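Below is one structure; the comments refer to it alone.
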Amino acid sequence: MPPRHARAIAHLTQSDPVLGKWIAQAGPCSLTRERRGTHFAAVARSIVYQQLSGKAAATIHSRFEALYGGRTPEPRELVKTADATLRACGLSGRKAEYLKGLAEDVLTKRVPMDVLDDLDDAAVIEALTTVRGVGEWTAQMFLMFRLGRPDVLPTLDLGVQTAIKRLYKLRAHPTPQRVATIGAKWAPYRTVASWYLWRVVDDPPQ
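Structure, rendered in structure tokens:
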């Protein structure tokens, strides 16, 4: 396990006994940063995956890449692709519109993909959410899994909210504000905390 994960787990266990107990049960953190491909490809993939189950999204994304020889297209290629061709892959008309809009934003430099690594978390979110179809949640996933930022807590994420309700035995589903309050003690390692919260949903405590 990377040293940073070990430091994060030590901090989370000390600062929050409830989460610490679950971490001990769940085991090592296998969170990794996706370094393959481009930032454009990562955001495009996130748009394809929105509001779909993992299996359905993976199938549609595979069909989408098959249009371009099994890879994510370059922005210029995507802009030239007919909407009907994209919809034939299983993409909704709205998602086809979002993907082409993203490509146009990259081509016109409206979204500074080449400097996102140099921006702080808030600036990355601000830049990405100017793209139609990219909201705060998608930008946070980019921060966590593409840029490897250590202190991201997606308060709007249903899985995170559900996990907190279960672990902390809350009567009501927590609001984003409640999630932020409970998670404040996890800083500066809220990304690892979020990863363990998702495990609560995927592999519930016995």
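Per this note's numbering, the very first residue in the sequence shown carries number 9; after that it's consecutive.
Idealized CB from N, CA, C, for every residue including glycine.
All figures in this text were calculated on a predicted structure; none of them were measured in a lab.
Cβ atoms of GLY98 and ARG71: under 7 Å apart, would you say? As a first step, residue 71 is located in the sequence shown; it is residue number 63 there, counting from the start. As a first step, residue 98 is located in the sequence shown; it is residue number 90 there, counting from the start. By the CB criterion at 7 Å, ARG71 and GLY98 fall inside the cutoff.
task = Helix, strand or coil for THR40, going by three-state DSSP, please let me know.
result = Here residue 40 refers to the residue found at position 32 when the sequence shown is read from its first residue. DSSP places THR40 in coil when its eight states are reduced to three.
Point to revise | Cβ pair VAL187, THR163 closer than 7 Å | key: Here residue 187 refers to the residue found at position 179 of the sequence shown. Here residue 163 refers to the residue found at position 155 of the sequence shown. It is a contact, given that the beta carbons lie within the stated cut-off.
Rounded distance between the beta-carbons of LYS193 and SER54, thought under 8 Å: The residue you call residue 54 lines up with position 46 of the sequence shown. The residue you call residue 193 lines up with position 185 of the sequence shown. That belief does not hold up - the Cβ atoms of SER54 and LYS193 are roughly 29 Å apart, past 8 Å.
- Message: Are the CB atoms of ALA34 and ARG154 within a distance shorter than 7 Å?
- Response: Walking along the sequence shown from the start, residue 154 turns up at place 146. Walking along the sequence shown from the start, residue 34 turns up at place 26. No, Cβ-Cβ distance for ARG154 and ALA34 is not below 7 Å.
Margin query: Counting C-beta neighbours from all protein chains within 10 Å, is the total for ARG95 16 or more, i.e. buried, or is it exposed?
Written below: As a position in the sequence shown, residue 95 is number 87, starting the count at 1. Taking every protein chain shown into account, the CB of ARG95 has fewer than 16 other CB atoms within 10 angstroms, so this residue is exposed.
Practice item. Out of PRO11, VAL26, ALA14 and ILE17, state which residue places its alpha-carbon closest to the alpha-carbon of LYS177. Key: For the purposes of this step, residue 177 is taken as the residue at position 169 of the sequence shown. The shortest C-alpha separation from LYS177 is found at VAL26.
- [ ] Round the Cβ separation of LEU115 and ARG79 to the nearest angstrom and send it over; I've been treating them as touching at under 8 Å.
- [x] Within the sequence shown, the letter at position 107 stands for residue 115. Within the sequence shown, the letter at position 71 stands for residue 79. The pair is not a contact, with the Cβ atoms about 18 Å apart (cut-off 8 Å).
Exercise for review: Could you tell me the distance, in whole angstroms, from the CA atom of TYR57 to the CA atom of HIS69?
Suggested key: Counting from one through the sequence shown, the residue named residue 57 turns up at place 49. Counting from one through the sequence shown, the residue named residue 69 turns up at place 61. In this structure, the CA atom of TYR57 is about 8 Å from the CA atom of HIS69.
* Asked: Is the beta carbon of VAL132 sitting closer than 7 Å to the one on LYS108?
  -> As a first step, residue 132 must be located in the sequence shown, where it is residue number 124. As a first step, residue 108 must be located in the sequence shown, where it is residue number 100. No; because the gap between Cβ atoms is not below 7 Å, this pair is not in contact.
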